[in-house]
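Accompanying notes for the structure given below.
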Amino acid sequence: MAEPDLKAAAAVDDAAITAKVKTAVIGEPGLSALKIDVDTKDGVVTLTGTVDSAAMKDRAQQVAQSVSGVRSVVDNLVVKSQG
Numbered sequence: 000m001a002e003p004d005l006k007a008a009a010a011v012d013d014a015a016i017t018a019k020v021k022t023a024v025i026g027e028p029g030l031s032a033l034k035i036d037v038d039t040k041d042g043v044v045t046l047t048g049t050v051d052s053a054a055m056k057d058r059a060q061q062v063a064q065s066v067s068g069v070r071s072v073v074d075n076l077v078v079k080s081q082g
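Positions 0 to 82 (numbering that gives the first Met the number 0) are the ones given, in order, by the sequence shown.
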């Protein structure tokens, strides 16, 4: 019997995690209108984009971390300068 392809399974899991995180971010008031890119590799979610405040940055990280299957979150979000 052939060994299951673990890389393919991980890629499917990563894609599912990315989709769940994107859905969670879109469903979060205040974050839905922002352009936040989500990428997942081996259960590690990377958030990239621009947010309006440090509070929104923290909230996006909390939302991503709360998704099942997420091992950790890399926060590459940038807070827009006010002015």
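Don't be surprised by glycine CBs; every beta carbon is placed ideally from N, CA and C.
Lysine 21 to aspartate 38, Cα distance in whole Å? 9 Å
Please classify alanine 44: does DSSP put it in a helix, a strand, or coil? What sits at residue 44 in the sequence shown is valine, not alanine. The answer is strand: DSSP assigns valine 44 an E or B state.
Would you list, in sequence order, the uninterrupted beta strand (DSSP E) runs of no fewer than 3 residues that lie entirely inside the segment 3-65? Fully enclosed beta strand (DSSP E) runs of 3 or longer: 35-40, 43-50.
Local conformation of valine 77 per DSSP, three classes: Strand.
For the structure I just gave you, are there three or more beta carbon pairs, one from the segment 62-70 and one from the segment 33-49, closer than 8 Å? The segment 62-70 vs the segment 33-49: in contact.
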